[in-house]
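Novice: FYI, this note's numbering numbers position 87 of the sequence shown as 118, with every residue one higher than the one before it.
Before I ask anything, here is the structure I am working with.
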Amino acid sequence: MFYKNARIFTSDFQFHTGAFEVKDGVFGEVLPETVPADAVDLGGATVIPGLVDVHSHGNSGADFSDGDYDGLKKMAAFYAKCGVTSFAPASMTLPYDVLARAFDTAKQLHAEAPEGLSRLMGIQMEGPYFSYKKRGAQNPDYLKEPDFAGFQALYEGCGGLVRIVDIAPELPGAAEFVEKASRLCTVSIAHTDSDYAHAKAAIDAGVTHLTHLYNAMPPIHHRNPGVIPAAVENPNVQAEIICDGYHIHPASVRLAFTMFRNRMVLVSDSGRCAGQPEGTQFQLGGQDAWLRGGVAKLADGTIACSATNLWTCLQNVLSWGIPEEEAVRAATYNPAKAIGAAAEIGSVETGKLADFVITDADYSSKRVFIGGKEIS
32 MFYKNARIFT SDFQFHTGAF EVKDGVFGEV LPETVPADAV DLGGATVIPG LVDVHSHGNS
92 GADFSDGDYD GLKKMAAFYA KCGVTSFAPA SMTLPYDVLA RAFDTAKQLH AEAPEGLSRL
152 MGIQMEGPYF SYKKRGAQNP DYLKEPDFAG FQALYEGCGG LVRIVDIAPE LPGAAEFVEK
212 ASRLCTVSIA HTDSDYAHAK AAIDAGVTHL THLYNAMPPI HHRNPGVIPA AVENPNVQAE
272 IICDGYHIHP ASVRLAFTMF RNRMVLVSDS GRCAGQPEGT QFQLGGQDAW LRGGVAKLAD
332 GTIACSATNL WTCLQNVLSW GIPEEEAVRA ATYNPAKAIG AAAEIGSVET GKLADFVITD
392 ADYSSKRVFI GGKEIS
């Protein structure tokens, strides 16, 4: 099937008006010179790749760390309706046996790939190798120093689905962990009180990602620059950012895009409270949390996960003045790259999975397609 008269975000990260083909669940010709007469006319609508969320703990009352397969399917259905056609659920700082059960559900969903649900393309292992000082909403009872053998067992147990593993680079043995783990997956700096020297050493050892930029890491200081400048300086490092409007001020989001330019990754960092009513009480990594004022908080007021979704994050950054091409890339190709899936998803390109969203000029409406089939 061909679609014509569309404004398409193509693999050069620019918009072009033309047509594209979907054949057997993948993209065929993109911007062909000749188009069949029976092509579907999209009337100038905007077409972007399906969004890719590589950092979301849950939604709809379910959390990945629950280790509940039906809950994970519920999450995937919610993502799909939000235009998120692929995701990598994020775990929390928990005991290895709890993580292993959750990772088993991911392995099952990845293998079964039910029609109409968002594709599970990996896992982000957020914890337990974190700083106590910058633990944020991570449970301090389960924090550990870097443990490659333990990580490797979890990695192998889920068939290599861990595509991002997080670490605080100031912890003992961090650089050695990074060197080994980076041969298996993306390694990210997170929940850290690191100085510049430790951050740079970790990046030199193989770190290529920052988890939720600004949050749970030292701010930039002119005499003690810390993690953020170390990451900005290295062109191989991408940076996640939560754009729910609560975790980070819009001015700081604009600054982040200025610093990292085309290396930004939009994430929701949503918890099970996403899609739930204000005041909802829930569990997050074994701790009580409440949805208050649009954002989740622990009992002591510590800001935790978000209650948003990636489509809303994309709408937000567009409204905050981020150029459309940069915003769409940050929600599609860049996250796909972070989980090693850019050869399959993340752009409207011949041979890639036909996951895309048809929207209007202001991104206020959407039609979502997974494998070329529109979901209801």
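All residues carry an ideal CB built from backbone N, CA and C; glycine is no exception.
Fair warning: this is a prediction, and the values are worked out from it, not measured in the lab.
1) Can you say whether Arg254 is buried or exposed, counting buried as having 16 or more other CB atoms within 10 angstroms of its CB?
2) Report, in whole angstroms, the separation of the C-beta atoms of Asp94 and Met156, which I expect to be a contact under 8 Å.
3) Quick check on the DSSP output: the alpha helix (DSSP H) that includes Asn347 runs from which residue to which?
4) My output table needs one value for Asn36: the three-state DSSP class, helix, strand or coil.
5) Please look up how many angstroms separate the CB atoms of Ala305 and Thr339, rounded, as I've assumed it's under 8 Å.
6) Report the option in Pro308, Glu380 and Ala262 whose CA atom is closest to the CA atom of Val57.
7) Compute the distance between the beta-carbons of Ala119 and Ile154, then report whether it is under 8 Å.
8) Run through the DSSP bridge pairs and tell me what Ala49 is partnered with.
9) What is the residue span of the alpha helix (DSSP H) that Val284 lies within?
10) Round the Cβ separation of Thr242 and Lys165 to the nearest angstrom and send it over; I've been treating them as touching at under 8 Å.
11) Tell me Ala320's beta-bridge partners as DSSP assigns them.
12) Going by beta carbon distance, what residues of the same chain come within less than 7 Å of Glu309, once the five residues before and after it are set aside?
13) Label Asn365 either buried or exposed according to how many other C-beta atoms from any shown protein chain fall within 10 Å of its C-beta, with 16 as the threshold for buried.
14) Alpha carbon to alpha carbon, what distance is there between Gly257 and Asp226?
15) Indicate the three-state DSSP secondary structure (helix, strand or coil) for Asn90 in the structure shown.
16) List in chain order: all unbroken beta strand (DSSP E) runs of 3+ residues lying wholly within the region 176-260.
17) Drop a sphere of 10 angstroms on the beta-carbon of Ser117, count the other beta-carbons inside from all chains shown, and report buried for 16 or more, exposed for fewer.
18) Go ahead and pull the three-state DSSP assignment for Glu405.
19) Helix, strand or coil for Ser396? Go by DSSP, reduced to three states.
20) In three-state terms, what does DSSP make of Asp43?
21) Cutting at 7 Å between CB atoms, please list the residues of its own chain near Ala121, excluding the five before and the five after it.
22) Quick check for students: name the residue ranges of the beta strand (DSSP E) that lie wholly in the region 91-138, counting only runs of 3 or more.
23) Beta-carbon separation of Phe387 and Ile79 under 8 Å?
24) Taking the Cβ atom as the reference point for each residue, do Arg38 and Gly74 lie within a distance shorter than 8 Å?
25) If we call anything under 8 Å between Cβ atoms a contact, is Asn246 one with Gly324?
26) In this structure, how does DSSP classify Arg150 when only helix, strand and coil are distinguished?
27) Taking the Cβ atom as the reference point for each residue, do Ala111 and Ser149 lie within a distance shorter than 8 Å?
28) What is the DSSP secondary structure of Leu297, reduced to helix, strand or coil?
29) Would the region 332-352 and the region 392-400 be scored as touching if the rule is three or more Cβ pairs under 8 Å?
30) Tell me Lys54's beta-bridge partners as DSSP assigns them.
31) Below 8 Å, can you find three or more Cβ-Cβ pairs linking the region 208-217 to the region 369-385?
32) Would you list the residues sitting across from Gln307 in a DSSP beta bridge?
33) Please report the Cβ distance between Ile234 and Ala261, rounded to the nearest whole angstrom; I am assuming they are in contact, meaning their Cβ atoms lie under 8 Å.
34) Among Pro171, Phe134 and Glu210, which one has its Cα closest to the Cα of Gly191?
35) May I ask which residues mark the beginning and end of the beta strand (DSSP E) holding Ala270?
36) Assuming Leu341 contacts Val193 under a Cβ cut-off of 8 Å, what Cβ separation, rounded to an integer in Å, is found between them?
Specialist: Short version:
1) exposed
2) That belief does not hold up - the Cβ atoms of Asp94 and Met156 are roughly 15 Å apart, past 8 Å.
3) Leu341 to Ser350
4) strand
5) 6 Å
6) Glu380
7) yes
8) Per the sequence shown, residue 49 should be read as Gly rather than Ala. Note: Gly49 sits in a beta bridge opposite Ala37.
9) Pro281 to Phe291
10) Not really, about 11 Å apart at Cβ, beyond 8 Å.
11) Phe313 and Leu329
12) Leu322
13) buried
14) 4 Å
15) strand
16) 193-198 and 217-220
17) buried
18) strand
19) coil
20) coil
21) His86, Ser87, His88, Phe95, Gln155 and Glu157
22) 115-120
23) yes
24) no
25) no
26) strand
27) yes
28) strand
29) yes
30) Val57
31) yes
32) DSSP, once it has assigned bridges, lists no residue as partnering Gln307.
33) 6 Å
34) Phe134
35) Gln269 to Ile273
36) Leu341 to Val193, Cβ: 21 Å. No contact.
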